[in-house]
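Visitor: Numbering (the working numbering), first residue to last: 260 to 736.
Let me give you the structure first, and then I'll get to my questions.
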Amino acid sequence: MPLRFYNTLTQELEEFHPLDGKTARIYTCGPTVYNFAHIGNFRAFTFEDILRRWLRYRGWGLKHAMNVTDVDDKIIANAAKQGKTIEEYTANYTKAFFEDAASLRLETPEYVVKATAHIPAMVSAIEELAAKGCTYSSEGSTYFQIAAFPGYGKLSHNDFSGIRSGARVDVDEYEKGDARDFVLWKAHKENEPYWDSPFGKGRPGWHIECSAMAMQYLGETLDIHAGGVDLIFPHHENEIAQSESITAKPFSRFWLHSEHLHIESQKMSKSLGNFYTLRDLLDMGHSPEAIRYLLASVPYRKKLNFTFEGLKAAAKSIERLRDFEARVSGTKLPAGRVEEAAERSREAIRQFEEGMDDDLNTAEALAAVFEYVRAMNTALDEGRFEEENRWDAARVLEVFDCVFDVLKPSGAESVRQGAESGEAAALTEAEIEAYVDERAQAKKARNFARADEIRGMLLDKGIVLEDTKERVRWKRK
RNA sequence: GGCGCGGUAGCCAAGUGGUAAGGCAGAGGUCUGCAAAACCUUUAUUCGGCGGUUCGAUCCCGCCCCGCGCCUCCA
Numbered sequence: 260m261p262l263r264f265y266n267t268l269t270q271e272l273e274e275f276h277p278l279d280g281k282t283a284r285i286y287t288c289g290p291t292v293y294n295f296a297h298i299g300n301f302r303a304f305t306f307e308d309i310l311r312r313w314l315r316y317r318g319w320g321l322k323h324a325m326n327v328t329d330v331d332d333k334i335i336a337n338a339a340k341q342g343k344t345i346e347e348y349t350a351n352y353t354k355a356f357f358e359d360a361a362s363l364r365l366e367t368p369e370y371v372v373k374a375t376a377h378i379p380a381m382v383s384a385i386e387e388l389a390a391k392g393c394t395y396s397s398e399g400s401t402y403f404q405i406a407a408f409p410g411y412g413k414l415s416h417n418d419f420s421g422i423r424s425g426a427r428v429d430v431d432e433y434e435k436g437d438a439r440d441f442v443l444w445k446a447h448k449e450n451e452p453y454w455d456s457p458f459g460k461g462r463p464g465w466h467i468e469c470s471a472m473a474m475q476y477l478g479e480t481l482d483i484h485a486g487g488v489d490l491i492f493p494h495h496e497n498e499i500a501q502s503e504s505i506t507a508k509p510f511s512r513f514w515l516h517s518e519h520l521h522i523e524s525q526k527m528s529k530s531l532g533n534f535y536t537l538r539d540l541l542d543m544g545h546s547p548e549a550i551r552y553l554l555a556s557v558p559y560r561k562k563l564n565f566t567f568e569g570l571k572a573a574a575k576s577i578e579r580l581r582d583f584e585a586r587v588s589g590t591k592l593p594a595g596r597v598e599e600a601a602e603r604s605r606e607a608i609r610q611f612e613e614g615m616d617d618d619l620n621t622a623e624a625l626a627a628v629f630e631y632v633r634a635m636n637t638a639l640d641e642g643r644f645e646e647e648n649r650w651d652a653a654r655v656l657e658v659f660d661c662v663f664d665v666l667k668p669s670g671a672e673s674v675r676q677g678a679e680s681g682e683a684a685a686l687t688e689a690e691i692e693a694y695v696d697e698r699a700q701a702k703k704a705r706n707f708a709r710a711d712e713i714r715g716m717l718l719d720k721g722i723v724l725e726d727t728k729e730r731v732r733w734k735r736k
């Protein structure tokens with residue numbers, strides 16, 4: 260089965276190929292840098308990361324642009340409150356965002372584009388719209404007139420034909436001609452940053468930045484445009500109206516939207532006290548891999564119930580895979596290759612691919628990996644797994660990890676957490692090995708008191724020993 | 001009201017017109033000096049409720065109940 264995505268525009272599962280047959284051109288709505296990004300934001304960004312990785316796995320090139328909205332009402336208000344310029348204010352949160360993204364192992368898009376660095380492109384987009392008669396101005400602001408775009412509503416599947424034009428509705432402190440019209444250029448107000456333009460001093464509306472930048476970097480028709488479900492209307496609808504009014508071509512062939520997440524079955528909100536930024540969770544001692552795993556393990560179109568029990572389960576699931584990886588690489592095996600085990604690895608990869616191809620069904624893909632792991636653990640127990648099968652297992656885990664990317668322990672974070680939570684990071688590998696050897700000697704001499712003492716001491720330092728038939732393995736807890 | 005999504009074991013969560021993947025937790029076992037860790041086995045006669053279509057429905061249709069999202073802040 261080919262790679263298929265659910266397209267919000269057509270409400271159908273559609274086979275995906277890039278328009279040019281080689282490179283997928285993707286635009287995703289990035290952060291508005293007025294605060295630290297929360298775990299809900301990262302659900303969407305993790306989905307987009309999985310999307311990137313799977314497209315690449317399927318052999319397509321990637322040209323992915325993501326905007327950083329660094330001028331908007333909240334930014335202006337917050338910056339003013341702190342007595343900072345918007346540049347100073349947003350620089351902090353932009354930096355924080357990419358630090359967070361890195362700890363979740365989110366790949367950086369090929370183009371990260373800041374709104375404030377693309378004002379001229381937005382101005383010329385608005386000029387083109389004006390030239391086509393799609394705009395009007397009111398009290399110094401310029402608006403897009405949705406009556407000028409017949410397809411308005413096709414993405415959100417809303418019928419706006421009944422909207423009365425001419426009704427004046429006061430919204431967002433600006434006057435519009437029609438309830439659904441939206442602002443392209445906001446009139447300058449006292450003490451606010453502004454740019455000069457042919458239609459007066461002011462600043463861009465939110466929607467135009469995405470249209471202008473997407474087309475500048477990726478061309479008139481994108482392959483994929485993605486974001487959270489809440490952006491379907493009005494943001495993405497408005498992007499379509501702007502872009503297609505300019506080009507008369509489809510703005511994006513595929514529209515993919517990720518569902519929101521809930522915290523402990525409740526909507527995340529500050530008043531409920533269940534509002535978590537990524538940094539909050541890391542400070543609580545949760546590993547970035549566990550968070551990434553949890554965010555990625557629920558298929559993106561399904562609401563994700565983010566719970567602390569689920570976070571623990573995610574951490575345990577990763578541990579199971581790492582244990583398997585360690586077992587395979589650390590076990591002495593006879594030369595040869597058991598065909599049954601080899602066949603199971605091919606089957607696992609096939610099922611993994613099938614799941615991912617089916618609109619990024621990560622739950623199904625994960626099941627393929629775990630079924631394989633269980634089968635191979637049994638095969639190892641029963642001696643039906645030989646030297647060459649190591650490579651089969653490595654391949655399965657490699658395929659899994661090029662999408663999920665959770666097998667390698669995080670470096671800086673885990674060291675930092677270890678240092679905070681105790682002395683776990685204090686022992687070097689050589690020291691641990693020395694203790695393990697000493698304990699083995701003590702056991703041989705049937706000095707169990709000393710052996711247990713060492714075991715307990717290591718456990719206190721977060722080192723867990725595994726006595727197996729062949730040898731003693733250890734791992735950091 | 002309009003548009004849309006969902007209700008599957010203690011929790012998270014796949015799935016198919018022919019009788020329920022996977023993970024976590026729980027229980028049992030293997031291993032072990034004891035333990036831990038690891039590994040294995042096991043856990044839904046049943047898929048919100050009631051009807052209908054069908055030889056057969058969790059999966060199709062209708063109605064109902066419950067939860068959620070969007071309908072000019074928002075991943």
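Even glycine gets a Cβ: it sits at the ideal position worked out from N, Cα and C.
For Asn337 and Tyr293, what's the separation of their Cα atoms in angstroms?
Guide: Roughly 7 Å between the two C-alpha positions.
Visitor: Can you give me the start and stop residues for the alpha helix (DSSP H) that Glu358 sits inside?
Guide: Ile345 to Ser362 is the extent of the alpha helix (DSSP H) around Glu358.
Visitor: For His266, does the three-state DSSP call read helix, strand or coil?
Guide: Per the sequence presented here, residue 266 reads as Asn, with His not at that position. Looking at Asn266 - three-state DSSP - the assignment turns out to be strand.
Visitor: Any contact between the stretch 470-483 and the stretch 510-520? By contact I mean 3 or more CB pairs, one from each, below 8 Å.
Guide: With a cut-off of 8 Å, the stretch 510-520 and the stretch 470-483 count as touching, because enough Cβ pairs lie within range.
Visitor: Could you check how far apart the C-beta atoms of Leu686 and Ile722 are, in whole angstroms? I think they sit under 8 Å.
Guide: At roughly 7 Å, the Cβ-Cβ gap stays under 8 Å, so Leu686 and Ile722 are in contact.
Visitor: Grouping DSSP H, G and I as helix and E and B as strand, with all else coil, what is Pro379?
Guide: Of the three classes helix, strand and coil, the one that applies to Pro379 here is helix, per DSSP.
Visitor: Would you call Gln341 buried or exposed, if buried means 16 or more other Cβ atoms sit within 10 Å of its Cβ?
Guide: Counting Cβ neighbours within 10 Å, Gln341 comes out exposed, since fewer than 16 surround it.
Visitor: Determine the closest residue to Gly289 out of His276, Ala303 and Gly280, with distance taken between C-alpha atoms.
Guide: Taking only the C-alpha atoms, the option nearest Gly289 is Ala303.
Visitor: Assess, as a yes-or-no matter, whether the stretch 487-505 is touched by the stretch 521-530 under the definition of 3 or more beta carbon pairs within less than 8 Å.
Guide: Output reads no: the stretch 487-505 does not touch the stretch 521-530.
Visitor: From Trp650 to Asp618, what distance separates their C-alpha atoms?
Guide: Each residue's Cα considered, the two are about 29 Å apart.
Visitor: Curious, which full-length beta strand (DSSP E) runs of at least 3 residues does the stretch 445-482 contain?
Guide: Correct list: 461-463.
Visitor: Give the DSSP-derived three-state secondary structure of Leu490 in the structure shown.
Guide: Helix at Leu490.
Visitor: Would the stretch 587-599 and the stretch 550-561 be scored as touching if the rule is three or more Cβ pairs under 8 Å?
Guide: Too few Cβ pairs lie closer than 8 Å, so no.
Visitor: May I have the straight-line CA-CA distance separating Met543 from Ile550, to the nearest angstrom?
Guide: Straight-line Cα distance between these residues: approximately 12 Å.
Visitor: Per the contact definition of three or more C-beta pairs closer than 8 Å, is the stretch 698-713 in contact with the stretch 638-658?
Guide: No: fewer than three Cβ pairs fall under 8 Å.
Visitor: Is Tyr631 helix, strand or coil when you go by DSSP?
Guide: In the structure shown, Tyr631 sits in a helix (DSSP, three-state: H, G or I).
Visitor: Considering only their Cβ atoms, is the gap separating Ile385 from Ile334 smaller than 8 Å?
Guide: No.
Visitor: How close, in whole Å, do the beta carbons of Leu563 and Glu602 come, if the pair is a contact with beta carbons under 8 Å?
Guide: With a Cβ gap of about 34 Å, Leu563 and Glu602 do not count as contacting.
Visitor: CA-CA distance, Thr344 and Val372?
Guide: Between Thr344 and Val372, the C-alpha separation is close to 20 Å.
Visitor: For Ala407, which of Thr375, Ser504, His516 and Arg263 has the nearest alpha-carbon?
Guide: Ala407 has its Cα closest to that of Ser504, out of Thr375, Ser504, His516 and Arg263.
Visitor: Could you tell me the alpha carbon to alpha carbon distance between Ser669 and Ser546, rounded to whole angstroms?
Guide: If I take the Cα positions, the gap works out to 8 Å.
Visitor: Indicate the three-state DSSP secondary structure (helix, strand or coil) for His297 in the structure shown.
Guide: Three-state result, His297: strand.
Visitor: Starting from Tyr694, follow the alpha helix (DSSP H) in both directions and report where the run begins and ends.
Guide: Start and end: Glu688 to Lys703.
Visitor: Using the three-state DSSP reduction, which class does Val430 fall into: helix, strand or coil?
Guide: No answer about Val430 holds up, because its pLDDT of 40 lies below 50 and its placement is not dependable.
Visitor: Count the other C-beta atoms from every protein chain shown that fall within 10 angstroms of the C-beta of Arg284, then say buried if there are 16 or more, exposed otherwise.
Guide: Its Cβ being crowded by 16 or more others within 10 Å, Arg284 is buried.
Visitor: Does the stretch 656-664 come into contact with the stretch 605-618, if we say contact requires no fewer than three beta-carbon pairs (one atom in each stretch) closer than 8 Å?
Guide: These segments touch.
Visitor: Please state whether DSSP places Ser502 in a helix, a strand or coil.
Guide: Ser502 falls in the helix class under three-state DSSP.
Visitor: For Met260, which three-state DSSP category applies?
Guide: Three-state DSSP puts Met260 in coil, outside helix and strand.
Visitor: Heavy atom of the ligand MG less than 7 Å from the Cβ of Arg586, yes or no?
Guide: The ligand MG is not part of this structure, which contains no ligands at all.
Visitor: When you compare only the Cα positions, how much space is there between Ser400 and Glu568?
Guide: Each residue's alpha carbon lies about 50 Å from the other.
Visitor: Taking 8 Å as the threshold, find out whether the stretch 452-470 comes into contact with the stretch 375-385 through three or more Cβ pairs.
Guide: With the cut-off at 8 Å, the stretch 452-470 and the stretch 375-385 touch.
Visitor: Roughly how many angstroms lie between the CA atoms of Asp489 and Phe629, to the nearest whole one?
Guide: So the two alpha carbons sit approximately 33 Å from each other.
Visitor: For Arg730, does the count of other Cβ atoms within 10 angstroms reach 16, so buried, or fall short, so exposed?
Guide: Exposed, by the Cβ-count rule.
Visitor: How long is the line joining the alpha carbons of Lys728 and Lys703, rounded to whole angstroms?
Guide: The straight-line gap from Cα to Cα measures roughly 14 Å.
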